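Line order of the protein sequences matches chains A and B. Under UniProt numbering, read the first sequence as residues 1 to 336, first letter to last. Under UniProt numbering, read the second sequence as residues 1 to 336, first letter to last. Heads up, the thing below is written out as structure tokens.
Protein chains: 2
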Amino acid sequence: MTNAAAVPSWATEDTLADLSEGEVLARIFPRLPQADTELLGPGDDAAVLSAADGRFVVTCDMMIQGPDFRLAWSTPHDLGWKAAATNLSDVAAMGARPTALVVAIAAPPSTPISVILGIADGLRDGCEALAPGCGVVGGDLSAADALTLSITAFGDLEGRPPVLRSGARPGDVVAHAGRLGDAGIGLGLLFRFGVDEQGVPSREQADLLKDRHGALVAAQLAPVPPINLGPVAAAAGATAMLDVSDGLAIDAGRLARASGVGIDFDSTALGDNRELALGGGEDHGLLATFPPHSSLPEGFRRLGAVTAEAGIVLVDGEPHTQGGWDPYRGWDGQAG
Amino acid sequence: MTNAAAVPSWATEDTLADLSEGEVLARIFPRLPQADTELLGPGDDAAVLSAADGRFVVTCDMMIQGPDFRLAWSTPHDLGWKAAATNLSDVAAMGARPTALVVAIAAPPSTPISVILGIADGLRDGCEALAPGCGVVGGDLSAADALTLSITAFGDLEGRPPVLRSGARPGDVVAHAGRLGDAGIGLGLLFRFGVDEQGVPSREQADLLKDRHGALVAAQLAPVPPINLGPVAAAAGATAMLDVSDGLAIDAGRLARASGVGIDFDSTALGDNRELALGGGEDHGLLATFPPHSSLPEGFRRLGAVTAEAGIVLVDGEPHTQGGWDPYRGWDGQAG
Numbered sequence: 001m002t003n004a005a006a007v008p009s010w011a012t013e014d015t016l017a018d019l020s021e022g023e024v025l026a027r028i029f030p031r032l033p034q035a036d037t038e039l040l041g042p043g044d045d046a047a048v049l050s051a052a053d054g055r056f057v058v059t060c061d062m063m064i065q066g067p068d069f070r071l072a073w074s075t076p077h078d079l080g081w082k083a084a085a086t087n088l089s090d091v092a093a094m095g096a097r098p099t100a101l102v103v104a105i106a107a108p109p110s111t112p113i114s115v116i117l118g119i120a121d122g123l124r125d126g127c128e129a130l131a132p133g134c135g136v137v138g139g140d141l142s143a144a145d146a147l148t149l150s151i152t153a154f155g156d157l158e159g160r161p162p163v164l165r166s167g168a169r170p171g172d173v174v175a176h177a178g179r180l181g182d183a184g185i186g187l188g189l190l191f192r193f194g195v196d197e198q199g200v201p202s203r204e205q206a207d208l209l210k211d212r213h214g215a216l217v218a219a220q221l222a223p224v225p226p227i228n229l230g231p232v233a234a235a236a237g238a239t240a241m242l243d244v245s246d247g248l249a250i251d252a253g254r255l256a257r258a259s260g261v262g263i264d265f266d267s268t269a270l271g272d273n274r275e276l277a278l279g280g281g282e283d284h285g286l287l288a289t290f291p292p293h294s295s296l297p298e299g300f301r302r303l304g305a306v307t308a309e310a311g312i313v314l315v316d317g318e319p320h321t322q323g324g325w326d327p328y329r330g331w332d333g334q335a336g
Numbered sequence: 001m002t003n004a005a006a007v008p009s010w011a012t013e014d015t016l017a018d019l020s021e022g023e024v025l026a027r028i029f030p031r032l033p034q035a036d037t038e039l040l041g042p043g044d045d046a047a048v049l050s051a052a053d054g055r056f057v058v059t060c061d062m063m064i065q066g067p068d069f070r071l072a073w074s075t076p077h078d079l080g081w082k083a084a085a086t087n088l089s090d091v092a093a094m095g096a097r098p099t100a101l102v103v104a105i106a107a108p109p110s111t112p113i114s115v116i117l118g119i120a121d122g123l124r125d126g127c128e129a130l131a132p133g134c135g136v137v138g139g140d141l142s143a144a145d146a147l148t149l150s151i152t153a154f155g156d157l158e159g160r161p162p163v164l165r166s167g168a169r170p171g172d173v174v175a176h177a178g179r180l181g182d183a184g185i186g187l188g189l190l191f192r193f194g195v196d197e198q199g200v201p202s203r204e205q206a207d208l209l210k211d212r213h214g215a216l217v218a219a220q221l222a223p224v225p226p227i228n229l230g231p232v233a234a235a236a237g238a239t240a241m242l243d244v245s246d247g248l249a250i251d252a253g254r255l256a257r258a259s260g261v262g263i264d265f266d267s268t269a270l271g272d273n274r275e276l277a278l279g280g281g282e283d284h285g286l287l288a289t290f291p292p293h294s295s296l297p298e299g300f301r302r303l304g305a306v307t308a309e310a311g312i313v314l315v316d317g318e319p320h321t322q323g324g325w326d327p328y329r330g331w332d333g334q335a336g
């Protein structure tokens, strides 16, 4: 099924089409971490997880080759890591401790098995680094033209109420944990320098870029969001929280509208490149509000204050005009 | 973005590219059923569900245009219904009552909004008909070339142990609830008669087929599996159970290997077309084993007995050679 000239390094390797679904799964499962909450793992029609406090948190997100990643830039390990990281971050943003993932993967039949195993390794390493005890409890394998990862993640609120977007009150402190703008710089570098002379995403060019700007490119391809700080913020009394996925200004606007408040950033706290801090997406930091005069948990940094103006984002008291990412409007469809 | 000549009936309709993600979600959510277990629904980083007995069942499945469905044959409502039905069936096969779904949808930017709303309506009607009280608690929208639905489903074991594939014992009764072979006949009819003169899937030909063989085509496109009988079988003491998705022989083989037993079907119980009953997939009935001399719950029919031969499927005591479906080997990739 594979074209030896086009994929020389894979020519002697098994592809998905060479193996049965059962054989692929048998190679994947031993690489995946087991969840501490797992009562019944993969292999039956469904898994069974414990939910100690009688509730569970659930979120889902899909990553698709083209709109969401290019295989010329991301390694399979990057893909698994980022799929874990972004979903764990949504769980953490509720103030919950991530407990488990289920993972559906669709891939072309010509995909080398090493790609799927690399994704599995990235899922494992991402879970182990970002949320120890969180494991993969089930999944699904399908065929598709574009490599697709669909993740559902679960979390444990450990008896606490969830931290919603809607709880911020005027006078609260606005704080952030994690990186701000680095993933956006990394993506900008990849679009500008990670391409060949025709502008097509290039593995060779991306590798050169990684040699020179490894940390920034990694912030985009394999982010390290502060997952553990979600439950910490909840325990410290956070009044509202969300995951900063589409850029600080857009996500602050969501929190502001949900809470019926304004979010006023201090420009001095946004660093030298204010537009990048406000507009750069995919850092997956945590934006949270805390009661007035709170001492912030370690890892959070004050960015401003909650005001009474309903539903708007300000910088130094002046309204900020938003820009940002929309999955349908922003899509260029290039597979890469 | 749309080609008016190619899609005349959609030319004046909003597409996903015309609307923001928020606007699309605002149109979808009011159509979706709320889950009885929902503590916090869509709109935050994650949902929160109750898990009354301190556990929850979870399964996932992806449906992709081409390998899993053709838009020339399935209506958007069919897609939503089938996505619900197949996932609810995996929950039921554990002996659990389905409680909730999360739904990730990826679609081309040119997709008319009516397609997405039709899927939402199918999800709602499928949940309401097959598992009242089960709702959609969250989701994700992405861009992709191929329409893709990724569903994760949850269930409540209501204090019972899960019914595994591995619990069958020699002497147990083998029983089945639901249809057997109809979905396979429906698919065969579609492949043979639901195409134009060039063999390309055709909506017009499929509509003619639905006029004449509506029930068989519907068994394939919008199945009605016996979801409620999963918990009933569990309460009646089922020793093993699974969802028959890939055909009776293949799925009986899975149960046989997991339990270390043989499954011996009585040919008289398999009906006139034994090969179709054994080989036709996608009916999503429930194959279960019950202790010897059990009186079967209403809706289950005796198909044979569990024997001591490890890991094999028999008919009237003779080994049965399996055939069936593999997602990578069986794929033809035609989009339709």
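For each residue, glycine too, the CB sits at the ideal point set by N, CA and C. This structure is a prediction, so every number in the text was calculated from the model and none was measured.
Since S150 of chain A and A104 of chain B should fall inside the 8 angstroms C-beta cutoff, what is the C-beta to C-beta distance between them, to a whole number of angstroms? The beta carbons of S150 of chain A and A104 of chain B sit about 5 angstroms from each other, so the pair counts as a contact at 8 angstroms.
Measure the Cβ-Cβ separation of G178 of chain B and P225 of chain B and say whether it is below 7 angstroms. yes
Close-in-space but distant-in-sequence residues of the same chain around D316 of chain B (CB under 8 angstroms, 5 per side omitted): D264, F265, D266, S267
According to DSSP, residues forming a beta bridge with V24 of chain B: According to DSSP, V24 of chain B bridges with nothing at all.
Pull up the DSSP beta-bridge partners for M63 of chain B, would you. B:L149.
Is the beta carbon of A35 of chain A less than 7 angstroms from the beta carbon of A100 of chain A? yes
Are any of the Cβ atoms in chain B nearer than 7 angstroms to that of T152 of chain A? Residue-level contact by beta carbon holds for T152 of chain A and chain B, with a gap shorter than 7 angstroms.
List, in order along the chain, the chain B residues whose C-beta lies closer than 8 angstroms to that of G155 of chain A? The contact set of G155 of chain A on chain B, defined by CB atoms closer than 8 angstroms, consists of A46 in chain order.
Is R179 of chain A helix, strand or coil by DSSP? coil
Helix, strand or coil at S142 of chain A [DSSP, three-state]: Reduced to three states, the DSSP call for S142 of chain A is strand.
Using a threshold of 7 angstroms, state whether the C-beta atoms of L32 of chain B and R169 of chain B are closer than that. no
Identify whether D45 of chain B lies in helix, strand or coil by the three-state DSSP scheme. coil
Could you compute how far the alpha carbon of residue 337 of chain B sits from the alpha carbon of D283 of chain B? Residue coverage of chain B in this structure runs from 1 to 336, which leaves residue 337 of chain B outside it and unanswerable.
What does the alpha-carbon distance come out to for the pair G135 of chain A and Q65 of chain A? 24 angstroms
Is the beta carbon of E318 of chain B less than 7 angstroms from the beta carbon of G262 of chain B? No, the Cβ-Cβ distance between E318 of chain B and G262 of chain B is not below 7 angstroms.
At 9 angstroms on the CB atoms, spell out the chain A contacts of I263 of chain B, in chain order. Going along chain A, no residue has its Cβ under 9 angstroms from I263 of chain B, so there is no contact; the nearest lies around 17 angstroms.
Any idea what DSSP makes of T268 of chain A, helix, strand or coil? Note: T268 of chain A maps to helix in three-state DSSP.
Output, in chain order, the set of chain B residues within a Cβ distance shorter than 7 angstroms of L255 of chain A. Correct list: empty, because the minimum Cβ distance to chain B is about 10 angstroms.
Taking the alpha helix (DSSP H) that I105 of chain A falls in, what are its first and last residues? Counting along the chain, I105 of chain A falls outside any alpha helix (DSSP H), though it belongs to the beta strand (DSSP E) covering 97-107.
For T307 of chain A and V217 of chain B, I'd like the C-alpha separation in whole angstroms. 59 angstroms
Let me check one thing: in DSSP terms, what residues is T15 of chain A bridge-paired to? A:P112
Does DSSP put residue 342 of chain B in a helix, a strand or coil? Residue 342 of chain B cannot be examined here, being either before or after the span of chain B that is shown, 1 to 336.
Is the segment 145-161 of chain A touching the segment 39-58 of chain A, taking contact as three or more C-beta pairs under 8 angstroms? yes
Identify whether V200 of chain A lies in helix, strand or coil by the three-state DSSP scheme. coil
Is V137 of chain B closer than 7 angstroms to A41 of chain B when the C-beta atoms are compared? In the sequence under discussion, the amino acid at residue 41 of chain B is Gly, which differs from the Ala named in the question. Contact flag set, yes.
Does chain B have any CB closer than 7 angstroms to the CB of A93 of chain A? yes
Check this for me: beta carbons of I113 of chain B and D243 of chain B, under 7 angstroms apart or not? no
Relative to the C-alpha of S50 of chain B, which residue among B:M62, B:T37, B:D44 is closest? B:T37
Does L147 of chain B come within less than 7 angstroms of chain A when only Cβ atoms are used? no
Three-state secondary structure (DSSP) of L276 of chain A: helix
Proximal residues to L117 of chain B (C-beta, below 8 angstroms), its chain only, five neighbours per side dropped: R27, I28, R31, P76
Note the first and the last residue of the continuous alpha helix (DSSP H) segment covering A168 of chain B. Neither: A168 of chain B is in no alpha helix (DSSP H) and is coded neither H nor E.
Who are the neighbours of I64 of chain B on chain A, taking C-beta pairs under 8 angstroms? A106, S142, A143, A144, T148
Under 8 angstroms between beta-carbons, which chain A residues line up against S50 of chain B? List them in chain order, please. One finds G54, R55 in chain A with Cβ atoms closer than 8 angstroms to the Cβ of S50 of chain B, taken in chain order.
Neighbour list for T59 of chain B in chain A, Cβ cutoff strictly below 8 angstroms: Residues of chain A passing the Cβ test: D45, A46, A47, V102, G138.
Three-state secondary structure assigned by DSSP to D246 of chain A: coil
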